[in-house]
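Before any comments, here is the structure.
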Amino acid sequence: MTLPVRATYRVQLQPAFTFDDAAGIVGYLAELGVSHLYCSPYLQAAPGSTHGYDVVDHHRLNAELGGDEGYRRMAAALREHGMAQVLDIVPNHMATAGRHNAWWWDVLENGPASQYAAYFDIDWDPPERKLIAQVLVPILGGHYGRVLEAGEIRLARDGGSFTIHYFENELPVSPRSIDDLVARAADRVGSDELASVATALGRLPHALLTDRRSVLERHRDKEVLRARLAQLAGDDPAIADALDAEVDAVNRDPDSLDALLERQNYRLAYWRVAGRELDYRRFFDINTLVALRMEDPVVFDDTHELLLDLVARGDVEGLRIDHVDGLRDPQGYLDRLRAAAGDDAIVVVEKILEGDERLPEAWPVQGTSGYDFLVEVNTLLVDPGGEDDLTAVYARFAGETAAFAELALRAKQEIMRGGLAADVERLTQLFALVAERHRRYRDFTRSELRDALRETIAGFDVYRTYVRPGDPPREVDVHIVERATAAGAERRPDLDPDLFHFLRDVLLLRSDGDIEAELAIRFQQTSAPVMAKGVEDTAFYRYNRMVALNEVGGDPGRVGMTAAEWHERRAGDTGAVSLLATSTHDTKRSEDVRARLAVLAELPGAWEEAVWRWAHHNDRHRSIDATAGVSLPDRNAEYLLYQTLVGAWPLTADRAVAYMEKAAKEAKVHTSWIDPVPAYDDALRSFVGAVVTDEEFVADLEAFLAENGIVEAGRRNSLAQVALKLTCPGLPDIYQGCELWDLSLVDPDNRRPVDFDARRNLLREVRDATLEDVLTRMDEGAPKLWLVHRLLRLRAERPELFAPDAGYERLAVDGSASERVVAFCRAGRLVVAVTRFPLSWPKMGSTSVALPQGSWVSALTGRRVGGDRLDVAAFVPGLPVEVLVAEP
Numbered sequence: 000m001t002l003p004v005r006a007t008y009r010v011q012l013q014p015a016f017t018f019d020d021a022a023g024i025v026g027y028l029a030e031l032g033v034s035h036l037y038c039s040p041y042l043q044a045a046p047g048s049t050h051g052y053d054v055v056d057h058h059r060l061n062a063e064l065g066g067d068e069g070y071r072r073m074a075a076a077l078r079e080h081g082m083a084q085v086l087d088i089v090p091n092h093m094a095t096a097g098r099h100n101a102w103w104w105d106v107l108e109n110g111p112a113s114q115y116a117a118y119f120d121i122d123w124d125p126p127e128r129k130l131i132a133q134v135l136v137p138i139l140g141g142h143y144g145r146v147l148e149a150g151e152i153r154l155a156r157d158g159g160s161f162t163i164h165y166f167e168n169e170l171p172v173s174p175r176s177i178d179d180l181v182a183r184a185a186d187r188v189g190s191d192e193l194a195s196v197a198t199a200l201g202r203l204p205h206a207l208l209t210d211r212r213s214v215l216e217r218h219r220d221k222e223v224l225r226a227r228l229a230q231l232a233g234d235d236p237a238i239a240d241a242l243d244a245e246v247d248a249v250n251r252d253p254d255s256l257d258a259l260l261e262r263q264n265y266r267l268a269y270w271r272v273a274g275r276e277l278d279y280r281r282f283f284d285i286n287t288l289v290a291l292r293m294e295d296p297v298v299f300d301d302t303h304e305l306l307l308d309l310v311a312r313g314d315v316e317g318l319r320i321d322h323v324d325g326l327r328d329p330q331g332y333l334d335r336l337r338a339a340a341g342d343d344a345i346v347v348v349e350k351i352l353e354g355d356e357r358l359p360e361a362w363p364v365q366g367t368s369g370y371d372f373l374v375e376v377n378t379l380l381v382d383p384g385g386e387d388d389l390t391a392v393y394a395r396f397a398g399e400t401a402a403f404a405e406l407a408l409r410a411k412q413e414i415m416r417g418g419l420a421a422d423v424e425r426l427t428q429l430f431a432l433v434a435e436r437h438r439r440y441r442d443f444t445r446s447e448l449r450d451a452l453r454e455t456i457a458g459f460d461v462y463r464t465y466v467r468p469g470d471p472p473r474e475v476d477v478h479i480v481e482r483a484t485a486a487g488a489e490r491r492p493d494l495d496p497d498l499f500h501f502l503r504d505v506l507l508l509r510s511d512g513d514i515e516a517e518l519a520i521r522f523q524q525t526s527a528p529v530m531a532k533g534v535e536d537t538a539f540y541r542y543n544r545m546v547a548l549n550e551v552g553g554d555p556g557r558v559g560m561t562a563a564e565w566h567e568r569r570a571g572d573t574g575a576v577s578l579l580a581t582s583t584h585d586t587k588r589s590e591d592v593r594a595r596l597a598v599l600a601e602l603p604g605a606w607e608e609a610v611w612r613w614a615h616h617n618d619r620h621r622s623i624d625a626t627a628g629v630s631l632p633d634r635n636a637e638y639l640l641y642q643t644l645v646g647a648w649p650l651t652a653d654r655a656v657a658y659m660e661k662a663a664k665e666a667k668v669h670t671s672w673i674d675p676v677p678a679y680d681d682a683l684r685s686f687v688g689a690v691v692t693d694e695e696f697v698a699d700l701e702a703f704l705a706e707n708g709i710v711e712a713g714r715r716n717s718l719a720q721v722a723l724k725l726t727c728p729g730l731p732d733i734y735q736g737c738e739l740w741d742l743s744l745v746d747p748d749n750r751r752p753v754d755f756d757a758r759r760n761l762l763r764e765v766r767d768a769t770l771e772d773v774l775t776r777m778d779e780g781a782p783k784l785w786l787v788h789r790l791l792r793l794r795a796e797r798p799e800l801f802a803p804d805a806g807y808e809r810l811a812v813d814g815s816a817s818e819r820v821v822a823f824c825r826a827g828r829l830v831v832a833v834t835r836f837p838l839s840w841p842k843m844g845s846t847s848v849a850l851p852q853g854s855w856v857s858a859l860t861g862r863r864v865g866g867d868r869l870d871v872a873a874f875v876p877g878l879p880v881e882v883l884v885a886e887p
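Residue numbers are given in numbering that gives the first Met the number 0: position 510 of the sequence shown equals residue 509, and the series is strictly consecutive.
Set out below in structure tokens:
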């Protein structure tokens, strides 16, 4: 890497925040001390995209962000300030997006004969025989026949091209399929030339002919015929009128339109059909994001040409690989990317590590995008001593007694029977083919095979394994598969245990055969989205004991960690250059919301009293479901609301309602995105809106926050997070706006506009101010901004203290509050000490940190620290952090 990374600063580019807007904050970021602008995906995305993950063209920079010209201005601004970029890229999928995605449009028009048919992960020969050589397009609001007969599907002509329209959806018509229509128009107008075009259209090679000669002939001739048809219609109004008359006739006759649609290379269907019968792989359960076959070198080269050019220019020095677990062969992809990008490029992967999981050692990457650090620092700040009380409060108020692991298992099973059923069916078909090849297993029914697959996937405690044909499986993958299959067999004693043994051997490639290998690979691509949808997007919204812990990669079933566990993790990161994130575009709550909520673990008694008091007061805002005779919303949702208000207050009613609506639909208990329940949705909106605008309740909420010092304590936690992020081994990452207090909730709340002018002005006012003066501006967020700037300046002045080889050494802490202090040394010349559990600050007593030999000066205040111990009680009040640098 050509430019040392002091810190990355993540921005979410969108039409409301373009390349020029990003260029406009580069000077401020340079003043702050950031070295790399970390951009969300900015290749051409679907129109109006606010996130960039729905790429439609890999060869263009997003026009809505400013295109080439805007990009050049941003890149120039970065160069002027000695900065570079880290770019988030999306190799797993593209957005369908009608004709905006020329590759997908070509697939719909030409089916298996498309030049891009091999680019997408489509099953052209699925178990559903009706879908052979057709792509399922599940966009209809009702059953196909009813929608067709209602006249909602229409044929249209534009020059020599024909398209199908369903409300805002537009699809191509296969040129071969319009031969009869054109022939009828020729008869109507008596045109031999038009009749000749009709004959030629019918003679185009069929979409099932996928040999190179046929594909080239089809694509060449269809364009010639399309142009000729357009010319004839343009030159002769009678021909144009005849063609349009035939289009009108088709639209008036459902049978004729149905016959035309049956000849297409796609099959229009009710949107609910996708969950069961979709024949292409998606990003999770989003039908409009179709998976790419990135394992194909041609696809890799075509999708990475522009990206790699940006790296070669020196504009982009780092790449963040989105959803690496969705790829068929992550190892192969990363090897190819490393070879193309060069050894100096920073490559980090969006990989969710569960528990003690580590990245595969063979991956040629620097590390992860930082969720693992986020989870660990988040867990560190929660007092484990409050676990039993929090569990009891949750059970008494919400009536929830199931363990998180039980809820997660149940949620994964539901997802496999619902939104991801089509993916499981694809695996079941492969498993059936495999079983048929082995006489000991061929008599197992599809139902038994499906159940064994579901139970095994549900039993995975990580997102996926990384077994590769031709390589012996890693020992860790063997253990994962063995645990999952054994757990599945234990849960389902009605299934033959030998079936699970067989599946285990197939998944570990102990059973030879191409189909066996295909099942093992597809299984790995399925277990990851099941974990994501079942745990992240379902169980995390159902289990509300302590929602500060409900973050990607986290375990809400575990409250807190010991200082020793924290040190063990960090010492294991020696040499790592993973991103160190505390907030991201994917977090359920911002770092400051979680930091404040962590305080509740220190006062479960006061918390329970408040919750019951609020519930009693707010009973007046509840609704009664006349049908079921129950009070709405449920207590679990109410418990989530109170935590949300404590964590994010002050919070407007609109934001609170939007968050709670999303949370309820993601939980999928009383309502969902797919099956909304209006009575519940209305009751929830009404309740949340009424609670947040109830003056008496608000006064009580604010009194609770003030009397228990929760806001102040949360800010101390936030400052501790900042210090750890900017000093631990790795590359610090700041999410947009989070250099000040930021009380954002899940997206799209965390993509709200950031007031950079306010941040720029505040930085200039406090950058050289004394800490005492900065602390007087606590409500403005000045201490956080000041601490970020001060530590980034230290990273710039003394980069050797933060280099990957600077190591991490735990320092001994003595005294009655030793477990509340985390202290470590790097490079023998940097000492960092932070306190946790801020409500315990008065109880620190004589706690102190053992210092390495040397003479030390505070990088924060400039004070010299003599002797061999750092007295924690001597920390500046309000700042739970001390950072010392050894004097020469």
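Just so it is clear, CB atoms sit at the ideal spot from N, CA and C, and this is done for glycine as well.
For the options L408, G418, H99, the alpha carbon positioned closest to that of D460 is the one of L408. Under the DSSP assignment, L277 falls outside any beta strand (DSSP E); it carries neither an H nor an E label. Within the same chain, and ignoring the five residues on either side of A457 in sequence, the residues whose Cβ sits closer than 6 Å to its Cβ are L408, K411, Q412. By a beta-carbon distance limit of 8 Å, F372 contacts S577. Their separation comes to about 7 Å.
Put simply, of E701, V691, D495 the residue whose alpha carbon is nearest the alpha carbon of D442 is D495. R453 has its alpha-carbon roughly 44 Å from the corresponding atom of V753. T162 is bridged by DSSP to A155, P171.
DSSP, reduced to helix, strand and coil, places D870 within a strand of the structure shown. A straight-line Cα-Cα distance of about 41 Å links E435 and T670. Cβ contact annotation for A74 (same chain, cutoff 7 Å, sequence separation greater than five): D314, in chain order. F119 counts as buried, since no fewer than 16 other beta carbons sit within 10 angstroms of its beta carbon. In the DSSP annotation of this structure, the continuous segment of the alpha helix (DSSP H) that includes T643 starts and ends at 634-647. For H142, the CB contacts under 6 Å within the same chain, skipping 5 residues up- and downstream, are Y269 in chain order.
The criterion of a C-beta distance shorter than 8 Å is satisfied by A132 and G110.
In the DSSP assignment, M415 falls within the alpha helix (DSSP H) that extends over 403-416. Counting along the chain, R9 sits inside the beta strand (DSSP E) bounded by residues 7-10. Note on V223: under 16 other CB atoms within 10 angstroms of its CB, so exposed under the neighbour-count rule. Take P876, set aside five residues on each side of it, and no residue of its chain has a beta-carbon closer than 7 Å to its own. Secondary structure at P677: helix, using DSSP grouped into helix, strand and coil. Membership of F703 in the alpha helix (DSSP H) is indicated by the continuous run 694-706. DSSP, reduced to helix, strand and coil, places D343 outside both helices and strands of the structure shown, so it counts as coil. The stretch 795-802 and the stretch 813-829 touch, with three or more beta-carbon pairs separated by less than 8 Å.
In this structure, D513 keeps its C-beta atom at 8 Å or more from the C-beta atom of D278.
Annotated as distal: A62 and A22, with beta-carbon spacing of 8 Å or more. Annotation: G317 is outside any alpha helix (DSSP H); the continuous beta strand (DSSP E) that includes it extends over 315-320. DSSP, read as helix, strand or coil, puts D450 in helix.
Where W565 is concerned, the enclosing alpha helix (DSSP H) starts and stops at 562-570. In the DSSP assignment, C38 is bridged to V10, L86.
Scanning the stretch 325-406 from its first residue to its last, the whole beta strand (DSSP E) runs of 3-plus residues come out as 345-348. Distance between R503 and D450, taken at the CA atoms: about 14 Å.
One alpha carbon belongs to W785, the other to G418, and they sit about 46 Å apart. The beta carbons of Y37 and G51 sit about 13 Å from each other, so the pair does not count as a contact at 8 Å. Within the DSSP bridge table, the entry for A197 names no partner.
Setting aside the 5 residues that flank it on each side, G844 is surrounded in the same chain by G814, S815, A816, each with a C-beta closer than 7 Å to its C-beta; the list follows chain order. P728 is the residue among R541, I709, P728 whose C-alpha sits nearest the C-alpha of G571.
For the set G853, A605, E245, the Cα lying nearest the Cα of V830 is the one of G853.
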